[in-house]
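A quick write-up on the structure given underneath.
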Amino acid sequence: MPNKAHGTLGGTSTLLACIALCCIVSCKRASDDPLTGWKAISEEPAQNAILLQQAETSQCVWRVAQDAGTHSIAIQQVAHKAPKGHQVRLQTETGVLVGTDNGEYGGGLILTDDKGVLTKRLLDTDVLQLLPSKLGVLVFTGLLHLSFDEGAVWLYSKGSDGIWSIKKIADLNGKPSAISSANGDVLAVGGHGVSRLDQALNLTEITLPFAQVFPNSIAEDAHGSIYVGMNAFVVRLVPAKTGYTHEWFTKPGCLR
Amino acid sequence: MNASAGISGAVQSTGWEWGAALYKTSDGMVGITPLRTDHDPGSVGTTDYYTGKDIPAGATRIGDVHGHTGINSPDKGMHMSSGDLGIAGTMLKAHGTETMYIVNPQGQVWKFNPATDAKPVLLPGRIQ
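Order-wise, the sequence lines are chains R and C. Residue 50 in this note's numbering sits at position 50 of the first sequence; the count goes up by one each step and never skips. Residue 43 in this note's numbering sits at position 43 of the second sequence; the count goes up by one each step and never skips.
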């Protein structure tokens, strides 16, 4: 009997310990979830004209990013900025790459020496982002103006003959509005969805109706879930057996 | 001119470009889509043209109108940009017709139809 009682007590203790552990794990997961406390939207906003209109005029602008230290996803409320011209720079072994984006007024990609003197003009198009990769420098370009919406990714790399050159890797589905390097791949988001460029430069695209929700940022967590920050909403794309499931979130007061 | 006035006000109050698409209905009425912005001082998409949701069913897109901020522009946004002129030609090919209007930061309105105009035409008057 004592043994049985002890066994029962032991079983109870084990059960309590398990419950406590589960609580700790659950709490940890909840605290790791950047969308804890957010309100889930059951309906895809693209299917709801009222939600889209509210998002278009919403004062909530959410930006997502992966924390460099913890690799967790951070979400911040930001303001729409009026950038005074966009310039990106990257040091390479051939010099400094300087990309400019002036929207309808054009842009370009040039190579300069260490004193900033032009040595070569590489592209005559708006340059949005320069990212180093194993194969060279990835150059993202694009323009959305009037009814023109184009984007592309290029590779500036050294050939087997030792000469550096630039070539187009792929056209994108419209101008990317945000680009980030995550988990070895590059993610881009624009009005028509998300593009992933893997380390072998294979491009895959997820078509999503983002044109009216102004995506401004994209990040991927360690589990492969993709977060997109936009007007009024944050959308989380969770890997599924085929593709991704879409989870839309907002905060009180963002839709009115 | 009414659309230009609305665009000019929106541009001045936000520092972003605003624009809209122009269309013609089957009975010949000319209309304009709601003004929109991409929160950018250097460009604006004039409609979600992938769905064409803002253009009524049966109507034809005939042009665009947008306002310049003057930011990052070599001419302070006073004239049609290289992007405007190039896209006007692209739109003409895509839709068979294109008349583009811009409102500059001084309230002047320029018109350009790549099928009939050798260069942009400054319309009389000024948006106040």
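Every residue, glycine too, gets a C-beta built ideally from N, C-alpha and C.
CB residue i to CB residue j, shorter than 8 Å?
i                : j                : result
LEU187 (chain R) : SER180 (chain R) : yes
LEU131 (chain R) : TYR156 (chain R) : no
ALA79 (chain R)  : ALA65 (chain R)  : no
VAL137 (chain R) : THR92 (chain R)  : yes
THR245 (chain R) : LYS39 (chain R)  : no
ASN216 (chain R) : SER177 (chain R) : yes
GLY142 (chain R) : LYS175 (chain R) : yes
GLY83 (chain C)  : PRO41 (chain C)  : no
VAL234 (chain R) : PHE210 (chain R) : no
ALA170 (chain R) : ALA219 (chain R) : no
GLY103 (chain R) : SER43 (chain C)  : yes
TYR101 (chain C) : ILE55 (chain C)  : no
ALA115 (chain C) : LEU85 (chain C)  : no
TRP248 (chain R) : GLU44 (chain R)  : yes
LYS115 (chain R) : GLN199 (chain R) : no
THR46 (chain C)  : ALA10 (chain C)  : no
GLN54 (chain R)  : ARG63 (chain R)  : no
PHE112 (chain C) : ALA88 (chain C)  : yes
Please state the DSSP three-state secondary structure of residue i.
i                : result
VAL25 (chain R)  : Unreliable positioning characterises VAL25 (chain R) in this predicted model, as indicated by a pLDDT of 49, which lies under 50. The coordinate reading is nonetheless provided below. It is helical.
ALA5 (chain R)   : The predicted position of ALA5 (chain R) is uncertain, since its pLDDT is 45 and thus under 50; no value can be drawn from it.
ILE179 (chain R) : strand
PRO45 (chain R)  : helix
GLN77 (chain R)  : strand
SER133 (chain R) : strand
GLY69 (chain R)  : coil
HIS86 (chain R)  : strand
THR94 (chain R)  : coil
VAL109 (chain C) : strand
ALA219 (chain R) : strand
MET100 (chain C) : strand
ASP66 (chain C)  : The residue asked about is misnamed: residue 66 (chain C) is His in this sequence, not Asp. Residue state, collapsed to three classes: strand.
ALA211 (chain R) : coil
SER263 (chain R) : Look at the range of chain R in this structure, 1 to 256, and you will see that residue 263 (chain R) is not part of it.
LEU201 (chain R) : coil
LYS158 (chain R) : strand
HIS145 (chain R) : strand
LEU123 (chain C) : coil
VAL139 (chain R) : strand
THR100 (chain R) : strand
SER165 (chain R) : strand
SER195 (chain R) : strand
Should residue i be labelled buried (16 or more other beta-carbon atoms within 10 Å of its own) or exposed?
i                : result
ARG89 (chain R)  : exposed
LEU122 (chain C) : exposed
ALA118 (chain C) : exposed
HIS192 (chain R) : buried
PRO252 (chain R) : exposed
LEU208 (chain R) : buried
ARG61 (chain C)  : buried
ILE71 (chain C)  : buried
ASP113 (chain R) : exposed
HIS145 (chain R) : buried
ARG36 (chain C)  : buried
THR204 (chain R) : exposed
TYR49 (chain C)  : For TYR49 (chain C), the predicted model reports a pLDDT of 47, less than 50, meaning its position is unreliable and no value from the coordinates is stated.
MET29 (chain C)  : exposed
LEU237 (chain R) : buried
GLY19 (chain C)  : buried
THR36 (chain R)  : exposed
ILE50 (chain R)  : exposed
GLN212 (chain R) : buried
Give the C-beta separation of residue i and residue j to the nearest angstrom, bearing in mind that I take them to be a contact with Cβ-Cβ under 8 Å.
i                : j                : result
CYS331 (chain R) : ALA232 (chain R) : Past the edges of chain R, shown from 1 to 256, lies residue 331 (chain R), and the structure says nothing about it.
HIS39 (chain C)  : PHE214 (chain R) : 7 Å
GLY107 (chain C) : SER8 (chain C)   : 6 Å
THR70 (chain R)  : GLY95 (chain R)  : 35 Å between Cβ atoms; not a contact.
GLU98 (chain C)  : GLY63 (chain C)  : 6 Å
I'd like to confirm something about residue i: is its beta-carbon nearer than 7 Å to some heavy atom of the ligand GTP, or not?
i               : result
SER73 (chain C) : Only the bare structure without any ligand can be found here, which leaves the ligand GTP out of the picture.
Item checked: the segment 94-101 of chain R contacting the segment 113-127 of chain R, beta-carbon criterion three pairs below 8 Å -> Yes: the two stretches touch, three or more of their Cβ pairs being nearer than 8 Å.
Notebook entry, point to check: Pairing CB atoms from the segment 64-77 of chain C with CB atoms from the segment 2-9 of chain C, are three or more of them under 8 Å?
Noted result: Three or more Cβ pairs closer than 8 Å define a contact, and the segment 64-77 of chain C meets that threshold against the segment 2-9 of chain C.
Notebook entry, point to check: Do three or more CB pairs link the segment 211-226 of chain R to the segment 74-85 of chain C at distances below 8 Å?
Noted result: No, they do not touch.
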